[in-house]
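Here full-length UniProt numbering is used: the first residue of the sequence shown is 1, the next is one more, and so on. Ideal placement from N, C-alpha and C gives every residue a C-beta, glycine not left out. Have a look at the structure below, then the notes.
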Amino acid sequence: MTESMRQRRRRLCLVASVCVALGGVTGIMVSPAAAQDATSVAIGFAGPLTGPSANYGKDLQLGIGLAIAEANAQKLVIGGKPVTFALLVQDDQGDPRVAVQAAQRLVDSNVVAVVGHFNSGTTIPASAVYHRAGIPHIVPAASNPSLTHQGFAFLYRPYGTDNTVADNAAAYGVRTLRAKRIAVVDDRTAYGQGLADEFEKAVKAQGGTLVDHEFTSDQAVDFRAIVTTLKARRADLVFFAGLGVQGSLFAKQARQVGFDGRLMAGATFANPAFLKLAGSAANGMLAFEQGAEIARTPGGQAFLERFCAMYHADPVGFAAFAYNAAWVAINGMRLANSTQPAVFGPAIGKLAFQGVLGKIAFDANGDLQDPKMTLYQAVDGRWQAVRVVTAP
């Protein structure tokens, strides 16, 4: 996003904030009387609301909240009855064991669908809970390819996978950057390991040379031994398979030890938080984020303005995906004309509609058809979109 576009949205956000205060924004709230006349339908959300990934989890929650507010403002009638949607929230703390417990609490609360979780490591075990309960599970962000290959009928992911990121990152590194000595670092989580393994395979498929594959953990804060090794191996491109908070530390320490190769990563990097944490070390960083550049999609700018109107802030980066995921569940109910999970669950697979990041339709596994992503580069303290890409 260009600086002029960001400044324009800040002005729009300020104006929208004033409008909200004056009661001038429509399509957000539902009157208490209308809510009392409607049947309440509970949609669940689970994600990390505490811990290192809390900012991402909260961003997801806000995106779902906006979708539900807008759906309620439409006063939908499903199955011949007016409905109002309620959001039930669980904090999974980014912990797989807690995620399973959170999933069971949502099931016990009789939610008709769940949007969640954030991390692949929490989403995969939680998905089995929803499958056993027969509840549609819409995944807004987890990208490990194995998730949708478990044979779960009501599992849908309107989000790209590690395969697409890895293929594009490897192709860009080998073909465009002409990197000769490529290395990968992963945090051994379900997300990091899956992404790193796919990247390694993709580099080899592109005819590139992988000189090292280093391992860390998602709790590590000291990467100096790893970057010193990578420097000794003369790596000219390092792909970091982990989340942006740790990636900022990795980038800083890499530059501190004098590593001058290129740094590349997947999702959770192209946001202001990474730039702030990494400081000058962020300059030149490359990041492949899922989805098209939101400010340039047909409905993206309008979504950003509505988000600002409701929350008086910009999204971190995942709210739009959660917004889309919530509408997947709601539109599935509308298509089936039912709020019963067993009835609208299969209907979701037949959906085809325009989300705020592009068209949403699913393949036989429940994955997004024709996923897109955007390559960003950090330049002088801001992220610039380089190109929108699909699988090579």
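Alpha-carbon to alpha-carbon, residue j and residue i
i	j	result
Q253	F259	9 Å
F274	G247	8 Å
A171	F239	12 Å
I43	Q219	32 Å
W383	V343	43 Å
A241	V100	24 Å
N163	N365	14 Å
I135	D380	46 Å
K199	V174	Before going on, a small fix: residue 199 reads as Phe here, not Lys. When rounded, the distance between both Cα atoms is 12 Å.
V388	A38	42 Å
T209	N110	52 Å
L12	G317	In this prediction, L12 has a pLDDT of 44, which is less than 50 and means its spatial position is unreliable; what the coordinates show is noted afterwards. Going by the C-alpha atoms only, they are around 18 Å apart.
G234	P371	Sequence check: residue 234 is Arg here, not Gly. Computed Cα separation, rounded: 34 Å.
P52	V257	26 Å
Q90	Q74	26 Å
I294	Q301	7 Å
K359	A385	20 Å
residue 445	P96	This structure does not reach residue 445, given that the chain is present from 1 up to 392, and the question cannot be answered.
residue 396	A319	In the structure displayed, the chain extends from 1 to 392; residue 396 sits before or after that span and is not available.
A205	L237	17 Å
V227	R255	9 Å
V77	A71	11 Å
L375	A166	12 Å
G65	L177	41 Å
P341	V112	6 Å
L88	S146	27 Å
residue 468	F154	Not covered by the structure: residue 468. The range shown for the chain is 1 to 392.
Rounded Cβ spacing between residue i and residue j (contact assumed at less than 8 Å)
i	j	result
S120	A46	Incorrect: roughly 14 Å between the Cβ atoms, too far for contact.
P214	A183	Note that residue 214 corresponds to Glu in the displayed sequence, not to Pro. With a Cβ gap of about 7 Å, E214 and A183 count as contacting.
M264	L286	4 Å
G79	N337	6 Å
A141	Y159	6 Å
Q93	T50	6 Å
V328	L351	7 Å
Q377	G284	7 Å
R188	V211	20 Å between Cβ atoms; not a contact.
Cross-strand partners of residue i (DSSP beta bridge)
i	result
V41	F85
G317	DSSP, once it has assigned bridges, lists no residue as partnering G317.
T374	E289 and V388
Q354	K359
V185	E214 and F240
Test item: CB-CB of residue i and residue j under 9 Å
i	j	result
H131	T123	no
Q369	F362	yes
L335	I348	yes
F288	G63	no
G244	F223	no
V41	A86	yes
G261	L230	yes
V98	L106	no
A251	A292	no
Residue i: CB within 8 Å of a non-hydrogen atom of the ligand NAP
i	result
F307	By its list of ligands, the structure shown contains no ligand whatsoever, and the ligand NAP lies outside what it can speak to.
Nearest neighbour of residue i, chosen from the options [CA to CA]
i	options	result
L195	S217, D212, T161 and T228	T161
M373	F321, T339, W327 and A352	F321
N324	N271, Q61 and L237	Q61
P272	F223, P315, G299 and D236	P315
A202	L177, D108, A169 and A73	A169
V221	V114, L249 and G261	L249
F152	A128, A67 and A71	A128
T216	S146, D186, A232 and F154	D186
A133	G345, A378 and A282	G345
M333	P82, P145, G207 and K58	P82
S143	Q290, Y376 and P341	Q290
V139	A326, R296, G299 and K58	A326
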